[in-house]
Amino acid sequence: CAGTGNAAKTASRDKQTGETKHFPLDAFNLIIQINLVGTFRCIAKSAKGMLDLEPVDGERGAIVNTASVAAEDGQMGQAAYSASKGGIVGMTLPIARDLAGDGIRVNTILPGIFNTPLMQFAPPQVKDALAASVPFPKRLGDAPEYAQLALTMITNGYFNGEDVRLDGAIRMAPR
Numbered sequence: 454c455a456g457t458g459n460a461a462k463t464a465s466r467d468k469q470t471g472e473t474k475h476f477p478l479d480a481f482n483l484i485i486q487i488n489l490v491g492t493f494r495c496i497a498k499s500a501k502g503m504l505d506l507e508p509v510d511g512e513r514g515a516i517v518n519t520a521s522v523a524a525e526d527g528q529m530g531q532a533a534y535s536a537s538k539g540g541i542v543g544m545t546l547p548i549a550r551d552l553a554g555d556g557i558r559v560n561t562i563l564p565g566i567f568n569t570p571l572m573q574f575a576p577p578q579v580k581d582a583l584a585a586s587v588p589f590p591k592r593l594g595d596a597p598e599y600a601q602l603a604l605t606m607i608t609n610g611y612f613n614g615e616d617v618r619l620d621g622a623i624r625m626a627p628r
C-alpha cells in the first residue's frame with residue numbers, strides 16, 4: 454500500500470489577514486485511514502488467507518508492507534503522512550509477533566525517493582534536484598531495487614519483524 458500524503462501545516466496563519474487556523478481533523482483522518490488503516494486491512498486480509506494454508510517447513514507466508522522514510526524524518530507539512538507511515542513501522546513488530554506462532558512473517562520497507570509513475574509528471578529539473586539530494590548513488594531508486602529487497606524479505610526465512618530503509622542514505626531535510 455503506497456498511500457498518499459498531505460502538504461498542510463498543523464496550524465498556520467493567513468498571510469493576508471494574520472488569522473490563525475488549524476489543519477482540519479477530517480483531512481488528517483483521511484490520510485490515516487488510507488495509509489495506516491488501509492495497510493492494516495491489507496495485512497489482516499492477507500494473514501487470514503495465509504492461515505488457511507498448510508505450512509511448508511513451518512511457514513505459511515510472508516507479508517511485506519510499504520512505509521516511507523517520512524516515517525522517521527517527515528518534512529514540514531507532512532504531519533499526517535509521517536504519522537501514517539510511522540504507524541506502519543510501529544505495527545510491524547507487534548504484528549510479526551502476533552503471527553509468528555502461525556508461521557507468518559511481517560516486514561516493512563521504507564523507500565526513499567523512487568522513480569515511480571507519479572514521478573514522471575515532475576519536470577526534469579525537479580527530478581534532477583531530487584536525485585542530487587541522494588548521498589549515493591546520486592539518483593532516484595528504481596522498482597527492481599525495491600522488488601529485490603521485497604524478495605529477500607520473502608525468501609529469507611529469518612527475516613521477520615524488520616523495518617528497512619531503502620534510500621541511498623538520504624535523510625530528508627525539514628522542508
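Heads up: take any position in the sequence shown, counting from 1, add 453, and you land on my numbering.
Ideal Cβ placement from N, Cα and C applies to all residues, glycine included.
Residues of its chain near Y599, where Cβ-Cβ distance is below 8 Å and the 5 sequence neighbours each way are ignored:
One-based indexing of the sequence shown puts residue 599 at position 146. Excluding residues within five positions, the ones whose Cβ falls inside 8 Å are I562, P564, F567, L619.
Of the residues D505, F612, D479, the one placed nearest V559, counting alpha carbons only:
In the sequence shown, the residue the question calls residue 559 occupies position 106. Answer by Cα proximity: F612.
Can you tell me whether K538 is buried or exposed? The criterion is at least 16 other CB atoms within 10 Å of its CB, across all chains shown.
As a position in the sequence shown, residue 538 is number 85, starting the count at 1. K538 comes out buried.
Can you grab the Cα-Cα spacing for the pair V509 / M503, in whole Å?
On the sequence shown, residue 509 is found 56 positions in, with the first residue counted as 1. On the sequence shown, residue 503 is found 50 positions in, with the first residue counted as 1. So the alpha carbons of these two residues sit roughly 11 Å apart.
Give me, in chain order, the residues of the same chain whose beta-carbon lies closer than 7 Å to that of D526; leave out the 5 immediate sequence neighbours on both sides.
As a working note, residue 526 is residue 73 in the sequence shown. Closer than 7 Å at Cβ, skipping near neighbours: R624, M625.
Taking DSSP's pairing of strands, which residues face R466 in a bridge?
Here residue 466 refers to the residue found at position 13 of the sequence shown. Looking at the DSSP output, R466 bridges to T473.
G502 by DSSP, collapsed to three states: which one?
The residue given as residue 502 occupies position 49 in the sequence shown. Helix at G502.
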